[in-house]
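In case it helps, numbering that gives the first Met the number 0 puts the sequence shown at residues 0 to 204.
Glycine included, C-beta positions come from ideal geometry on N, C-alpha and C.
Heads up, the thing below is written out as structure tokens.
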Amino acid sequence: MRVGDKGGVTINAAIPEEGRRRFALAHEPGHWLLHADRTQRFLCWQENLRDYDGSAEDIEANAFAAALLLPRPMMFPAHLAALPSLGLIAAIAARFHVTLMAAALRYVSTLEKPVMVVFSREGKIAWWRRNDDQMKGLYGEKAQALSPRSLASAVAETGQPSGDMQPVEWDVWFPHLAPRSGRTLHEQSVRLEHAPIVMTLWWAK
Ligand SMILES: [Zn+2]
Numbered sequence: 000m001r002v003g004d005k006g007g008v009t010i011n012a013a014i015p016e017e018g019r020r021r022f023a024l025a026h027e028p029g030h031w032l033l034h035a036d037r038t039q040r041f042l043c044w045q046e047n048l049r050d051y052d053g054s055a056e057d058i059e060a061n062a063f064a065a066a067l068l069l070p071r072p073m074m075f076p077a078h079l080a081a082l083p084s085l086g087l088i089a090a091i092a093a094r095f096h097v098t099l100m101a102a103a104l105r106y107v108s109t110l111e112k113p114v115m116v117v118f119s120r121e122g123k124i125a126w127w128r129r130n131d132d133q134m135k136g137l138y139g140e141k142a143q144a145l146s147p148r149s150l151a152s153a154v155a156e157t158g159q160p161s162g163d164m165q166p167v168e169w170d171v172w173f174p175h176l177a178p179r180s181g182r183t184l185h186e187q188s189v190r191l192e193h194a195p196i197v198m199t200l201w202w203a204k
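Rendered as structure tokens:
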């Protein structure tokens, strides 16, 4: 909320996780700086803090929050050399006190690795984010049902993480695309804590 040149942020005290509170707190100054001409009062729900449900303004505020909480120069040295995995993303989340989702989105878009992250709900792909340079042309079909051969499908059913990154056939995830020759697709999946969402990391090795 903005009154003249002063602003304030209130956060729902019912949000238990530090990562979600920090992201909400970093999201609002994004509106303050980027959208001063549009409205003086933003009311952002949890859905607005996830890009797939958010408005254009919320997606911009989310990008601002991600850059503020996960500064690119601080991410590079420790994480560039490591192999992609959800364990690495969990370590980034712990290091920067952000949610697993925020860490994953920043990881795939910032570090130059052939990685994508996909979020599925109720057994279907909801949305995804990729490293645009490294994963050009690869995309998940929205509302595509999870293949029973995917690790994500088992995670959705059991709630248990999938274990280590494992190779999967291309057509498990990309039945609509030709396989990429010379590359093997790897998958690792986990169910998010605060929502019925399965997060999958793809790595085209
Ligand atoms: Zn917002």
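{"Item": "Go to I91, then tell me how far its alpha helix (DSSP H) extends in each direction, as first and last residue.", "Value": "L85 to F95"}
{"Item": "Am I right that A144 and G158 are in contact with their C-beta atoms under 8 Å? What's the rounded C-beta distance?", "Value": "Contact doesn't hold; Cβ gap of about 19 Å is too wide."}
{"Item": "Got a sec, what are the start and stop residues for the alpha helix (DSSP H) M73 sits in?", "Value": "R71 to H78"}
{"Item": "Give the residues whose C-beta lies closer than 6 Å to at least one heavy atom of ligand 1, in chain order.", "Value": "H26, H30, F41, C43, N47, D57 and A60"}
{"Item": "Excluding the 5 residues preceding and the 5 following K112 in the sequence, name in chain order all residues of the same chain whose CB lies nearer than 7 Å to its CB.", "Value": "P83, N130 and Q133"}
{"Item": "Touch check for the region 8 to 27 and the region 66 to 80: three-plus C-beta pairs under 8 Å?", "Value": "yes"}
{"Item": "On the DSSP bridge assignment, give the partners of E186 in chain order.", "Value": "Q165 and W201"}
{"Item": "Within 10 Å of its beta-carbon, does S180 have 16 or more other beta-carbons around it, so buried, or fewer, so exposed?", "Value": "exposed"}
{"Item": "In whole angstroms, what separates the C-alpha of I88 from that of F41?", "Value": "30 Å"}
{"Item": "Using a Cβ-Cβ cut-off of 6 Å (strictly less than) and excluding sequence neighbours within five positions of G53, which residues of its own chain qualify?", "Value": "N47"}
{"Item": "Tell me whether V154 sits in a helix, a strand or coil according to DSSP, three-state version.", "Value": "helix"}
{"Item": "Within its chain, find whatever has a CB closer than 6 Å to the CB of R190; leave out the 5 residues flanking it on each side and keep chain order.", "Value": "V154, G158 and V197"}
{"Item": "Counting C-beta neighbours from all protein chains within 10 Å, is the total for T199 16 or more, i.e. buried, or is it exposed?", "Value": "buried"}
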